[in-house]
Every structure is written in structure tokens, then in C-alpha cells.
Amino acid sequence: MKSWRTPRSIKPPFGCEWTAPPATRIFDNVSFIGNVIVGCYVVETGDGFILIDCMEPDDKSRDTIVQGIKDLGLDLHDLKAILISHGHFDHYGQADWFRRNYGCRIYLGREDTVLAKTVALDKWPVIDWEVDEYYEDGGILKFGDLEIMTILTPGHTAGCYSFILPVYDEGRKHMAGMWGGSGLLPDSDPFAYQASLDRFTKLCRDQHVDVELCAHPTLDNGLERHALVRTIVNGVPNPFVIGEAGFAYYMGQYYDLVEQAMRKRGLK
Ligand SMILES: [Zn+2]
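In the working numbering, the protein residues as written are 75 to 342.
What follows is the structure, given as C-alpha cells:
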């Protein structure tokens, strides 16, 4: 059957003029701050909060995060850690600025720390700062009451990490999966990407993941769903709770990507 849906936009509109919508509380413990290009997640832990990803390295992105955290009623001095999914500029942003000013710890995969230090992308130079800790594949990071699983998912980049974490929707517990990378770049390894997809989707199935979180709203109608969440009325399901089958369907788009990349490269 031919799809009647709008084709998804794989590439975030880097460099576009943007204004950020208000910071959005999506779950009791998870909020989104960002724009049409990229965003970050604020995860409250019962003992401060962490950020997953950090937007782009420009001052406007940094100020958007600072303002968003304030608007959520949080204090930046309670920022404990920044978990960076992979070593691209639109995810590590100004993580070191937050560390210098608020003393948080920075996490990134070992291979992608090398990437961020050696390969400049777009207009951004390589990073000149150190991370505090590398992730452990299959490890659990604990912050306050939060336990977040860190899974090495090479493909988009060699050291890309994906996450599984509990989220609460007015007290109801769900499990969220966040795929760390999206498109396949010229230097992405499609075979590694596919193997990572298989492994991550299986882990998500085992963990009964029924919520999808994504750093790039162009991939999942994120901004539109945030707008809905900001005005949602009691009794209407949270649009980020998509069910276990829905999560598997959502991950299908990444299988499509890798399939397209393989065909394009004559590998299939
Ligand atoms: Zn990337």
C-alpha cells in the first residue's frame, strides 16, 4: 500500500532561523527544551536533574537551555550530569560551559570522544575539553532515584549510545527508549547500524519500552506533540506513550533508513 503520509525529513534544518517553543513537561520527570533542529531532555531524578544532549554549540542554544530550565522551575545548580548521545556538535553543544558554571559531570562514549576531538563538522571546531566519564555498554547510571541504561549502538557514529529510562505520566510508570543517532552519514557503517538496531529493539522489547524520545523533532513530529502536551486535558492519553507495538513501528523508520543506505551503496 502506498503511504499517504508526508515523507519524513531525515536531515534537521541546520542553520535555519529558529525560535524555541516553551520548555515542555512531557512526563512527571521528563521535559523537552529545543527547537525544530534539535533539543535536549531534562530528566528530574529526586536529587537534582540531568540533561540528555545539549543542543548546538551556539550561544542562542545555550541561552535557550538556561531559560528553559528556569521556566521549568528548576535551579541550574541542581544540574548533576549531561549525557551526550554521540560526538556530533548538535548533541554536545556547550556542555563544558554548563560544567564550568554549575559543576556537572559530562558523559560520552569512548569512541565518540575521539570523534568529537578530531573531526570537525559544519562550522564548529573540534572540542578542546575532556569528558568526565565514558559510558559502559549495558551499564546502568544512577542519579537520585533514576536508573538509566546506556547501550552502545554504533552506526550513525562508531561510539553512539542509546538510552532506556523509566518515565512517569501522572504517576503511571512507562519505559522510554531513546535511539542515539538518526541518519546514515557517508562515514556511517550500515551493517553496524543494523546490528545495533536489532540489539536495541530487542532490549527495548525486554524492557517493555512503550515511549519514544528523540533529539530531533523533525523525525517524530516532536514539536507538534509538545504543543499538544502543553494543552492536553485530563483523560486524553499522552501522545508520547505509543505502546510496545507502537515503539517497534517507530523503530521501523530507522530500519528503512539503513535499507535505503545499503541500496544506495550497492550493498543490497
Ligand atoms: Zn549525529
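C-beta: ideal position from N, C-alpha, C; glycine also.
Check                                                                                                                                     : Outcome
When HIS230, ALA232, CYS234, ASP211 are compared against MET223, the one with the closest alpha-carbon                                    : ASP211
is_contact[THR119, chain D] using C-beta, thresh 8 angstroms                                                                              : Checking the listed chains, one finds no chain D in this structure; it contains a single protein chain.
Nearest-angstrom Cα separation, counted from GLY296 out to CYS114                                                                         : 12 angstroms
Closer than 6 angstroms to ligand 1: residues, by C-beta to nearest heavy atom, in chain order                                            : HIS160, HIS162, HIS230, GLY255
Assumed close pair PRO149, GLY218 - CB separation to whole angstroms, cut-off 8 angstroms                                                 : Note that residue 149 corresponds to Asp in the displayed sequence, not to Pro. In fact, because the Cβ distance is near 15 angstroms, the residues do not count as touching under 8 angstroms.
Contact check, GLU286 vs TYR324, beta carbons under 8 angstroms                                                                           : yes
Local conformation of GLU130 per DSSP, three classes                                                                                      : coil
For GLY251, the residue or residues it bridges with in DSSP                                                                               : ILE238, GLU286
Best match in PHE123, PRO131, PRO86, ASP243 for proximity to ASN308 [C-alpha to C-alpha]                                                  : ASP243
For GLU91, the first and last residue of its enclosing alpha helix (DSSP H)                                                               : No alpha helix (DSSP H) holds GLU91; DSSP gives it neither H nor E.
Rounded separation between PHE88 and ILE111 - CA only                                                                                     : 6 angstroms
Beta-carbon proximity of PHE163 to GLU130, cut-off 8 angstroms                                                                            : yes
Buried versus exposed call for PHE265 [16 or more other C-beta atoms within 10 Å across all chains shown]                                 : exposed
Contacts around ARG184, its chain only, beta-carbon distance under 7 angstroms, and the 5 residues preceding and following it disregarded : TYR208, GLY233
Beta-carbon spacing of SER105, LEU146 below 8 angstroms                                                                                   : yes
Pick from GLY167, ARG79, ASP152, LEU153 that is closest to GLY108, judged by C-alpha positions                                            : GLY167
Contact under 8 angstroms by Cβ, SER270 with THR305                                                                                       : no
For LYS85, three-class secondary structure by DSSP                                                                                        : coil
Option in ARG82, LYS338, LEU125 with minimal Cα separation from ASN343                                                                    : Outside the shown range of the chain, which is 75 to 342, sits residue 343, and nothing can be said about it.
For ASP330 and MET75, the rounded distance between their alpha carbons                                                                    : 16 angstroms
Per-residue DSSP class, three states only, for ILE158                                                                                     : coil
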